[in-house]
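Just below is one structure, and these are the notes that go with it.
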Amino acid sequence: YQTFTGDLKWDHNDITYRILNYSPDMDPSVIDDAFARAFKVWSEVTPLTFTRLYSGTADIMVSFGKLDHGDPYPFDGKDGLLAHAYPPGEGIQGDAHFDDDEFWTLGTGPAVKTRYGNAEGAMCHFPFLFEGKSYSSCTTEGRSDNLPWCSTTANFDTDKKYGFCPSELLYTFSGNSDGAACVFPFVFLGETYNKCTTEGRSDGYRWCATTSNFDKDKKYGFCPNRDTAVIGGNSEGEPCEFPFTFLGKTYDSCTSEGRGDGKLWCATTSSYDRDQKWGFCPDRGYSLFLVAAHEFGHALGLDHSNIRDALMYPMYSYEEDFHLHQDDIAGIQYLYGPKTGPDPTPPQPTDESPKTPTPPPTPSAETPKTPVTTPDTAVTTSRPIDPSQDACEVNQFDAISEIQGELHLFKDGQYWRVSAQRNGEIKGPFPIADKWPALPATIDTAFEDLLTKKIFFFSGKRFWVYHGQNVLGPRSLEKLGLGSDVDQIVGAIQRGKGKVLLFNGENYWRMDVKAQSIDKGYPRYTDEVFGGVPVDSHDVFLYKGSYYFCRDHFYWQMNSRHQVSRVGYVKYDILKC
Amino acid sequence: APLKSVFVTFPGEILKNMTDQEFANSYLERFGYLNLEERSTRLASKSKALLRMQRHLGLPETGELNTETLSAMKQPRCGVPDIRN
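As you go down the protein sequences, you meet chains V and C in turn.
Taken in order, the first sequence gives residues 97 to 673; the numbers are from our numbering.
Taken in order, the second sequence gives residues 5 to 89; the numbers are from our numbering.
So, in structure tokens, the structure goes:
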């Protein structure tokens, strides 16, 4: 195996990925699954975990593209280059790109997932028997609505299990129509279209309107490829037309005539000589799972191996029962070490769960109950850091707030301070009770009023106001004018002098700090004003002029124009762990 | 009697009308076997680059552009270079 120069690797083990778009070759759910399985190849042998993001910037951004697709390394049409990926790092580094001029399958021909019917989304079974005739692709036989279908077992006549195949008449993907089917004919720039088109796009993807008039409604989606559609050529997505004539001769099936590379092709009209419309015939295709697993190897820091059977060997070969080669395992474990600990188990109650005071940890709770061993080394390891003392070991803080110029992070009766000036040095933990003795152990939200420097603390349905050593409270949230159904405040953002926004799930309120009351016209919906952030954020705060919405160990940073400017890790980006 | 094959240029296809030598050169360059410094001394360096490629991909090491090497170059593959210049 080889690693990239300087052993490029991620500085954290909880890697995020985001799928930016889909190939029309397979159902999006099949593509999602192929990528998830490809990541699992690596997480099974290392301590790495992979979390999928649906917005913002992930460590590994995954996309499909054709030819020039926005980086300096264009793809080359069908076959040849299949994909590429960048070694770990910021920006484009770590990203994986897949050539969408390839025919993406699971490696053995069209991977056709059905929808509707009575097979609960099972894959088509090719060939299948229908009324005694064998079919190797989806068919519209037996139907009057022209929808292609297939059997999901070898014999429809006996099993009667079926589903509908990908078709623009059934659904679209991506776009802005939530998967609605194409509407034909539709109008685009005054022209009428009766089928999916690539007009108006430079990337060659076929699309359609999902209402009768795109110019008016602007509703569209991308067309899924039918299993019988040709690949590439100049008729992507069209079915072969049999028979067709080529140089005066008639063909009833795909042919390699006219080509020096032996690839099978067909015309998509009855005469190639007249129309010159053609494409490659569907073949076994390339396994998206295998190629993705290889590319993700690069994205994690592995370069090409010279072991022919290794996953990181640069050439593609299909393997039915895939097993990660020892060379790949050695390579990835050189970078990240072996997998430790047990396999994931259903979540158990931990210190993360309820926001209620917990007793101080006892010695027995701090000590690992069982030694952690690995099969390779059988070395017993123990954690050198007491998690209750190290801010970097906290996955989710009770509250985060900038107070007196320092970021304060609260958790279970303790708090840490992070200086914005002194290179982000973490100080603490300090007992909350030492500085603010009236407060309970669990703080949901805190904020400092910029005008009076009073500090407000919220816990459950109560709040306290500290001014120096003087304290007022606890008082009930209802005293602020909040409804009795409001069980807590999870975040606060100062909005100019004397106003602060208080958050709880889908709602937020504006509070007049001086009057200690909620302004009229509230609550309002969080996602109407703060679009693109999780509505189930558990910490919301203002820090260095940006709004932060936290969920789990991630944060969504939003600028003053209410645009999400970054998604990252509290631990690595804010605490610099 | 079998007809003599006629090769046509298909519209919309990316033109790959390269000789084997040209294709091999572009492959060796693209995947890092033929580095920029060696371009000036082309003949000797190409043999070296072929050797390097054959060794890297586990092919018989001849330093020549034989059928097996050419066939390996035409295999579908990852676009990440094998050798970094």
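Positions of the beta carbon are idealized from the N, C-alpha and C atoms, including for glycine.
Residue i - containing beta strand (DSSP E), residue span
i	result
His221/V	Element bounds for His221/V: n/a, residue is neither H nor E.
Val561/V	Arg558 to His563
Phe553/V	Ile551 to Ser555
Gly203/V	First-last for Gly203/V: undefined, no H or E at that position.
Leu598/V	Lys595 to Asn600
Gln510/V	Gln510 to Ser515
Thr341/V	Phe340 to Phe342
Arg380/V	Note, Arg380/V: premise wrong, no beta strand (DSSP E); not H, not E.
Rounded separation between residue i and residue j - CA only
i	j	result
Pro15/C	Asp369/V	12 Å
Asp615/V	Leu202/V	57 Å
Phe385/V	Pro206/V	14 Å
Thr458/V	Pro527/V	Here Thr458/V scores only 31 on pLDDT, less than 50, and its place in the model should not be relied on; the value that follows carries that caveat. Answer to the nearest angstrom: the Cα atoms are 16 Å apart.
Ala28/C	Pro124/V	37 Å
Phe282/V	Leu265/V	13 Å
Ser642/V	Val660/V	10 Å
Cys488/V	Thr541/V	20 Å
Arg211/V	Arg133/V	22 Å
His390/V	Leu104/V	16 Å
Asp241/V	His180/V	41 Å
Ser159/V	Phe131/V	11 Å
Leu32/C	Asp379/V	28 Å
Thr454/V	Phe645/V	Here the model assigns Thr454/V a pLDDT of 34, short of 50, so the residue's position is not dependable, and the following value carries that caveat. Their backbone Cα atoms lie some 25 Å apart in a straight line.
Arg204/V	Tyr382/V	Rather than Arg, the amino acid found at residue 204/V in this sequence is Thr. If you take the alpha carbons of Thr204/V and Tyr382/V, they lie about 8 Å apart.
Val567/V	Leu535/V	10 Å
His419/V	Ala406/V	9 Å
Arg314/V	Gly275/V	According to the sequence as given, residue 314/V is Lys; it is not Arg. Looking at the two C-alpha atoms, the distance is approximately 14 Å.
Phe392/V	Arg591/V	43 Å
Leu398/V	Arg56/C	20 Å
His221/V	Gly213/V	14 Å
Glu198/V	Thr324/V	15 Å
Gly286/V	Ser273/V	21 Å
Arg34/C	Glu186/V	24 Å
Ser613/V	Ser580/V	14 Å
Glu416/V	Met408/V	17 Å
Thr66/C	Pro85/C	21 Å
Val10/C	Leu343/V	9 Å
Segment limits, alpha helix (DSSP H) that includes residue i
i	result
Ser139/V	Pro124 to Ser139
Val387/V	Leu384 to Leu396
Ser75/C	Thr71 to Met77
Gly587/V	No alpha helix (DSSP H) holds Gly587/V; the beta strand (DSSP E) holding it covers Gly587 to Gln590.
Leu431/V	Gln422 to Tyr432
Ala28/C	Asp24 to Arg34
Under 8 Å between C-beta atoms of residue i and residue j
i	j	result
Pro223/V	Thr235/V	no
Asp306/V	Cys278/V	Residue identity differs from the one stated: residue 306/V is Thr in this sequence, not Asp. Yes.
Gly190/V	Ala395/V	yes
Trp361/V	Phe338/V	no
Tyr639/V	Glu498/V	yes
Ser270/V	Tyr118/V	yes
Glu79/C	Tyr412/V	A small fix is needed here, since residue 79/C is Gln in this sequence, not Glu. For Gln79/C and Tyr412/V, yes; Cβs fall inside 8 Å.
Lys373/V	Asn330/V	yes
Gln510/V	Gly556/V	no
Ile428/V	Val141/V	yes
Ala426/V	Tyr97/V	yes
Gly300/V	Phe284/V	no
Asp155/V	Tyr113/V	yes
Pro120/V	Cys319/V	yes
CA nearest to the CA of residue i, picked from the options
i	options	result
Pro630/V	Gln653/V, Gln612/V, Gly187/V and Ser642/V	Gln653/V
Tyr618/V	Ser401/V, Glu415/V, Phe599/V and Gly393/V	Phe599/V
Lys229/V	Ser151/V, Asp253/V, Gly328/V and Glu216/V	Asp253/V
Phe135/V	Gln422/V, Val126/V, Arg606/V and Phe146/V	Phe146/V
Pro570/V	Phe559/V, Glu502/V and His563/V	Phe559/V
Met157/V	Met122/V, Trp138/V, Leu178/V and His193/V	His193/V
Thr538/V	Phe554/V, Thr548/V and Lys549/V	Phe554/V
Phe260/V	Met408/V, Tyr289/V, Val208/V and Asp164/V	Val208/V
Leu116/V	His108/V, Ile127/V, Pro434/V and Tyr651/V	Ile127/V
Contact test: residue i Cβ vs the ligand PLP heavy atom, cutoff 7 Å
i	result
Cys377/V	The ligand PLP is absent from the structure shown, which contains no ligand whatsoever.
Chain-ordered chain D contacts of residue i [CB-CB under 9 Å]
i	result
Met411/V	The question asks about chain D, but that chain is absent: this structure's protein chains are V and C.
**Message:** Can you pull out the residues from the segment 328-354 of chain V whose beta carbon lies closer than 7 Å to at least one beta carbon of chain C?
**Reply:** Gly329, Asn330, Leu343, Glu353 and Gly354
Residues of the segment 379-391 of chain V with a CB closer than 9 Å to any CB of chain C: list them in chain order, please. Tyr382, Val387, His390 and Glu391
| field | Residues of the segment 58-73 of chain C with Cβ closer than 8 Å to any Cβ of chain V, in chain order | value | Arg59, His60, Leu61 and Gly62
task = Identify each residue in the segment 167-184 of chain V for which the Cβ-Cβ distance to at least one residue of chain C is less than 7 Å, and report them in chain order.
result = Tyr169, Asp172, Gly173, Asp175, Gly176, Leu177, Leu178, Ala179, His180 and Ala181
Residues from the segment 391-404 of chain V in contact with chain C, defined by Cβ distance under 9 Å: For the segment 391-404 of chain V, which is checked against every Cβ of chain C, the residues closer than 9 Å are Glu391, His394, Asp399, His400, Asn402, Ile403 and Arg404.
- Any residues in the segment 193-213 of chain V with a beta carbon nearer than 9 Å to a beta carbon of chain C? Which ones, in chain order? His193, Asp195, Asp197 and Glu198
**Asked** Going along the segment 289-303 of chain V in order, which residues come within less than 8 Å of chain C, judged by CB to CB distance?
**Response** The segment 289-303 of chain V vs chain C, Cβ under 8 Å: nothing.
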